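Student: Numbering (the UniProt record's numbering), first residue to last: 1 to 265.
Yeah, the Cβ is synthetic: ideal placement off N, Cα and C, and Gly gets one too.
Just so you know, these numbers come straight off a predicted model, no measurement behind them.
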Ligand SMILES: Nc1nc2c(ncn2[C@@H]2O[C@H](COP(=O)(O)OP(=O)(O)OP(=O)(O)O)[C@@H](O)[C@H]2O)c(=O)[nH]1
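Following this line, the structure appears as C-alpha cells:
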C-alpha cells in the first residue's frame, strides 16, 4: 500500500513535480522504519513491525522545486533477498546501520557492495547515502564516526550520523540530500545522449565511391572518415510499487492507523 504524507501539492502554474524514488536499506533493527516515520511525520515511534515493508509518498519542496517523493521502507530478512524490487525501482538509496551494532555496520557494507555491483552490471549508477543511526546512543557505539566515513569514502557516497529520536530537521536534511543526489543523476540521464567521434578505416576491398556512385571528386573511401555514433541508451528505472507478501499479510489498514498503539515521543 502506498500512503501519502506531507503538504498538498502546490497550485496550478507550477511545473510538474520531479518524481524521486528512495529505498531505505539495512539490517533489521538499524532504524529504517523509525527514520522513515520521523521524516514523514516528525515523530519518533519506538516500536515497529519488523515484517512491514511499505512505500510511502510525500510532497516535498527541495531547493524551491516540488518533488513527489516515494520512500520504500524495505524489510529484508537477515540477508538481502529479491533485491530487484528496490534495485530497479529506486533513484537513490539510504543505507542505514545502527552505530551500537558492529553487525549492523558490516551488513551496511554488504548493501553498498550490492549497489555497486548492480550499478556495474546495469551501467546505471544510483547514488547511495550511508547513515549511522542512533546517534543519541553514542555512548554505546561500536562503530566510530571515522569508520563510517571511511566506508562511505570507499563507495563514494555521502555519510551522516543521525538519530530518529533527535531533531527532525537533521533527518529531513538527510532525506533532502538523497533527493538532491537522485536529481543530479536524473538530470544527467535526461541530457541529450552524448555523441562521440570515432575514426573508421576504409575497407580495403571496397569499390571506390566514385565508381559506385559516379561522384567524380568523392574520395571518402580512400581517407579515414569521421562518423558520429550515438552512445547506447541508459536503461530507465522501472516504476513499480512492490509489497512483500509478508508485509501484506501483516497489515491491511492504511498507514496512518499504524501510529495508533505505538509510543509517540
Ligand atoms: N535510541 C534510538 N532507538 C532507535 C532509533 N531508531 C530506531 N530505534 C529503535 O530501534 C529499534 C528498531 O527500529 P526500526 O525502525 O524498527 O528498525 P528497522 O531497521 O526498520 O528494523 P526492521 O523493521 O526489523 O527491518 C526500535 O526499537 C526503535 O525504537 C534511534 O535513532 N535511537
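Alpha carbon to alpha carbon, how far is residue 15 from residue 157? Give it in angstroms, no decimals.
Tutor: In the chain shown, residue 157 corresponds to position 157, counting from 1. In the chain shown, residue 15 corresponds to position 15, counting from 1. Going by the C-alpha atoms only, they are around 30 Å apart.
Student: Quick one: is residue 91 buried, meaning 16 or more other Cβ sit within 10 Å of its Cβ, or exposed?
Tutor: Residue 91 sits at position 91 when you count from the first residue of the chain shown. Classification of residue 91: buried, given that the 10 Å Cβ count is 16 or more.
Student: To the nearest whole angstrom, what separates the beta carbons of residue 275 and residue 110, a pair I think is in contact under 8 Å?
Tutor: As shown, the chain starts at 1 and ends at 265. That puts residue 275 outside it, with no answer to give.
Student: Rounded to whole angstroms, what's the CA-CA distance from residue 62 to residue 141? Just pull it up for me.
Tutor: Taking the first residue of the chain shown as 1, we reach residue 62 at position 62. Taking the first residue of the chain shown as 1, we reach residue 141 at position 141. Distance between the alpha carbons of residue 62 and residue 141: 32 Å.
Student: So, with DSSP's three-state summary, where would you put residue 238?
Tutor: Against the chain shown, residue 238 aligns to sequence position 238. Note that residue 238 scores a pLDDT of 30, beneath 50, so its modelled location is shaky; the value from the coordinates is reported in the next line. Coil, per DSSP.
Student: Could you please give the first and the last residue of the uninterrupted beta strand (DSSP E) stretch that includes residue 68?
Tutor: Counted from its first residue, the chain shown places residue 68 at position 68. Its beta strand (DSSP E) spans residues 65 to 73.
Student: Buried or exposed: residue 36, going by 16 or more other Cβ atoms within 10 Å of its Cβ?
Tutor: Looking up residue 36 in the chain shown gives position 36. Buried, since its Cβ has 16 or more Cβ neighbours within 10 Å.
Student: Exposed or buried, residue 153, counting other C-beta atoms within 10 Å across all chains shown (16 or more means buried)?
Tutor: Here residue 153 corresponds to residue number 153 of the chain shown, with the count starting at 1. Counting Cβ neighbours within 10 Å, residue 153 comes out exposed, since fewer than 16 surround it.
Student: Is the closest heavy atom of ligand 1 to the C-beta of residue 134 under 6 Å?
Tutor: Along the chain shown, one-based indexing puts residue 134 at 134. It does: the Cβ of residue 134 is within 6 Å (strictly closer) of some heavy atom of ligand 1.
Student: Give the straight-line distance between the Cα atoms of residue 45 and residue 106, rounded to the nearest whole angstrom.
Tutor: For the purposes of this step, residue 45 is identified with residue 45 of the chain shown, where counting begins at 1. For the purposes of this step, residue 106 is identified with residue 106 of the chain shown, where counting begins at 1. Rounded to whole angstroms, residue 45 to residue 106 spans 25 Å at the Cα level.
Student: Mark residue 33 as exposed unless 16 or more other C-beta atoms lie within 10 angstroms of its C-beta, in which case mark it buried.
Tutor: Position 33 of the chain shown, counted from the first residue, corresponds to residue 33. With 16 or more other Cβ atoms within 10 Å, it is buried.
Student: Would you please verify whether the beta carbon of residue 153 is less than 7 Å from any beta carbon of chain D?
Tutor: The structure shown contains no chain D; it holds only a single protein chain.
Student: Count the other CB atoms within 10 Å of the CB of residue 117; is the residue buried (16 or more) or exposed (fewer)?
Tutor: Numbered from 1 along the chain shown, position 117 holds the residue referred to as residue 117. Residue 117 comes out exposed.
Student: Can you round the beta-carbon distance between residue 96 and residue 131 to whole angstroms, since I take them to be within the 8 Å contact cut?
Tutor: To locate residue 96, count along the chain shown from 1; it is residue 96. To locate residue 131, count along the chain shown from 1; it is residue 131. Confirmed, about 5 Å.
Student: To which residues of the same chain is residue 87 closer than 6 Å at the C-beta, ignoring the five residues directly before and after it?
Tutor: Looking up residue 87 in the chain shown gives position 87. Closer than 6 Å at the Cβ level, and outside the excluded window around residue 87, lie 118.
Student: Taking all protein chains shown into account, decide if residue 190 is buried (16 or more other Cβ within 10 angstroms of its Cβ) or exposed.
Tutor: Residue 190 sits at position 190 when you count from the first residue of the chain shown. Exposed.
Student: Going by DSSP, what residues sit across from residue 159 in a beta bridge?
Tutor: One-based indexing of the chain shown puts residue 159 at position 159. Per DSSP, 130.
Student: Which same chain residues, not among the five before or five after residue 185, have their C-beta less than 8 Å away from its C-beta?
Tutor: Taking the first residue of the chain shown as 1, we reach residue 185 at position 185. Taken in chain order, the residues that qualify are 91, 92, 125, 126 and 127.
Student: Give the straight-line distance between the Cα atoms of residue 67 and residue 20, rounded to the nearest whole angstrom.
Tutor: As a first step, residue 67 must be located in the chain shown, where it is residue number 67. As a first step, residue 20 must be located in the chain shown, where it is residue number 20. In a straight line, the C-alpha of residue 67 is about 7 Å away from that of residue 20.
Student: Please report the straight-line C-alpha distance between residue 102 and residue 112, rounded to a whole angstrom.
Tutor: What you label residue 102 is simply residue 102 of the chain shown in a count that begins at 1. What you label residue 112 is simply residue 112 of the chain shown in a count that begins at 1. Those two C-alpha atoms are separated by around 16 Å.
Student: Please indicate yes or no: does the CB of residue 148 lie closer than 6 Å to some heavy atom of ligand 1?
Tutor: In the chain shown, counting from the first residue as 1, residue 148 sits at position 148. Checking every heavy atom of ligand 1 against the Cβ of residue 148, none is found closer than 6 Å.
Student: Return yes when the Cβ of residue 163 is within less than 7 Å of the Cβ of residue 134, no when it is not.
Tutor: By 1-based counting over the chain shown, the position of residue 134 is 134. By 1-based counting over the chain shown, the position of residue 163 is 163. Against a cut-off of 7 Å, the Cβ pair of residue 163 and residue 134 comes out as a contact.
Student: Give the straight-line distance between the Cα atoms of residue 49 and residue 73, rounded to the nearest whole angstrom.
Tutor: Sequence index remark: in the chain shown, residue 49 carries index 49 (1-based). Sequence index remark: in the chain shown, residue 73 carries index 73 (1-based). Distance between the alpha carbons of residue 49 and residue 73 is about 12 Å.
Student: Run the CB neighbour count on residue 187, radius 10 Å, all protein chains shown included, and call it buried at 16 or more, exposed below.
Tutor: Counting from 1 along the chain shown, the entry for residue 187 is found at position 187. Flag for residue 187 reads exposed.
Student: Given this structure, state the Cα-to-Cα distance separating residue 232 from residue 175, to the nearest angstrom.
Tutor: On the chain shown, position 232 is the one that residue 232 refers to. On the chain shown, position 175 is the one that residue 175 refers to. Residue placement at residue 232 cannot be trusted, given a pLDDT of 34 that sits under 50; the coordinates are not used to answer.
Student: One question on the structure: do residue 42 and residue 168 come within less than 7 Å of each other, judged by their Cβ atoms?
Tutor: In the chain shown, the residue the question calls residue 42 occupies position 42. In the chain shown, the residue the question calls residue 168 occupies position 168. Closer than 7 Å, so yes.
Student: Which residues in the same chain as residue 17 place their Cβ atom closer than 6 Å to its Cβ, once the five residues preceding and following it in sequence are excluded?
Tutor: Translated into the one-based positions of the chain shown, residue 17 becomes position 17. Within the same chain, residue 17 has close Cβ partners 66, 67 and 68.
Student: Answer with buried or exposed for residue 120, where buried requires no fewer than 16 other C-beta atoms within 10 angstroms of its C-beta.
Tutor: On the chain shown, position 120 is the one that residue 120 refers to. Exposed is the call here.
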